[in-house]
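Q: Protein chains in written order, with the numbering used here: chain A, 1 to 121; chain B, 122 to 242. Beta carbons: idealized from backbone N, C-alpha and C, even for Gly. Below is a structure I'd like to ask you about.
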DNA sequence: GTAGTATATGAAGAGTTCTTCACATGCAAA
DNA sequence: TTTGCATGTGAAGAACTCTTCATATACTAC
């Protein structure tokens with residue numbers, strides 16, 4: 001985990017790196033991909049079978065994930081097989097699910113309480 | 122984004138709700154806000170002191186977080202105080218940090234092989 | 001070589017999100 | 001009431017992201 005000192009790599013503030021990472025995950029197709037890859041490695045055409053999306057769109061989304069280094073690809077028997085490069089992503093998505101569940105609960109609970117009286121008395 | 126009207130609650134696929142949630146978090150200012158709120162509750166002007174951002178922009182970002190029910194606000198002594206409504210967000214951000222660290226490592230490892238010494242991203 | 005399957009890329013338009021600005025509101029002190 | 005500080009909102013353009021389409025590349029079989 002050393003910093004490369006060659007050249008000048010401006011250290012991106014951590015919260016900005018986080019934002020970039022979360023934004024990368026913030027897309028239904030990409031999340032589906034990562035979930036499928038959490039189960040096991042998949043070839044592109046396998047992903048295609050399980051996600052309702054055009055081939056070239058899938059490719060684009062895979063490219064995004066590759067750029068962020070969240071996945072890696074290798075060629076095997078004329079197919080390209082993708083896998084997660086950071087296995088923690090799996091737990092991460094599980095945590096996300098938890099929060100969303102809580103969020104749904106909170107959203108329901110809060111609704112009646114805070115409605116401001118914008119009454120025009 | 123989707124507005125839920127009273128009565129008609131369309132069940133959103135989970136991976137789409139996740140995407141929405143992650144996209145909400147995918148913004149530097151909003152992450153900063155959530156991190157600060159993880160430490161303790163903050164009044165708006167306190168946040169303003171610690172984040173380099175225009176007041177009205179901060180307000181906008183707070184509005185986004187309120188809409189998603191990630192934060193709640195209350196008025197106290199002429200100030201508006203914000204707090205996290207889902208405490209798990211804190212652990213979530215910690216996990217995110219871990220992944221990003223690993224990611225940086227992976228990116229570092231891959232670099233010599235795949236890039237023509239020009240990666241500015 | 002050609003053909004065929006699998007995957008990737010670039011570019012364009014549609015759509016969405018961000019930031020800024022001007023103004024609006026809430027509340028309290030004078 | 002008027003003033004003043006704290007916060008919020010709507011609107012507009014810039015900037016970015018998504019999807020689609022056409023085409024390109026990689027590899028294998030013939």
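Could you check whether the Cβ of residue 86(A) sits closer than 7 Å to any Cβ belonging to chain B?
A: Output row for residue 86(A): interface = yes.
Q: Provide the residue span of the beta strand (DSSP E) that contains residue 83(A), from first to last.
A: Where residue 83(A) is concerned, the enclosing beta strand (DSSP E) stretches over 79-84.
Q: Using only alpha-carbon positions, find the residue among 26(A), 51(A) and 43(A) that is nearest to residue 92(A).
A: Checked all of 26(A), 51(A) and 43(A); the closest Cα to residue 92(A) is 26(A).
Q: Along the chain, where does the beta strand (DSSP E) that runs through residue 76(A) open and close?
A: First-last of the beta strand (DSSP E) with residue 76(A): 71-76.
Q: Counting only beta-carbon separations shorter than 7 Å, does residue 144(B) have a partner in chain A?
A: Yes - at least one Cβ of chain A is within 7 Å of the one on residue 144(B).
Q: State the Cα-Cα distance for the pair residue 34(A) and residue 201(B), rounded to the nearest angstrom.
A: If I take the Cα positions, the gap works out to 39 Å.
Q: Let me make sure I understand the geometry here. Which of 60(A), 98(A) and 22(A) has the alpha-carbon closest to that of residue 208(B)?
A: Looking at the Cα atoms, 98(A) is the closest of the given residues.
Q: Can you confirm whether residue 71(A), when its beta carbon is compared against all beta carbons of chain B, has any partner nearer than 7 Å?
A: False, the Cβ-Cβ gap to chain B never drops below 7 Å.
Q: In whole angstroms, what is the alpha-carbon distance linking residue 191(B) and residue 203(B)?
A: Roughly 10 Å between the two C-alpha positions.
Q: Run through the DSSP bridge pairs and tell me what residue 29(A) is partnered with.
A: Its beta-bridge partners do not exist; DSSP assigns none.
Q: Spatial neighbours of residue 171(B) within its chain, please: CB distance less than 7 Å, with the 5 preceding and 5 following residues excluded, ordered by chain position.
A: Result list for residue 171(B): 157, in chain order.
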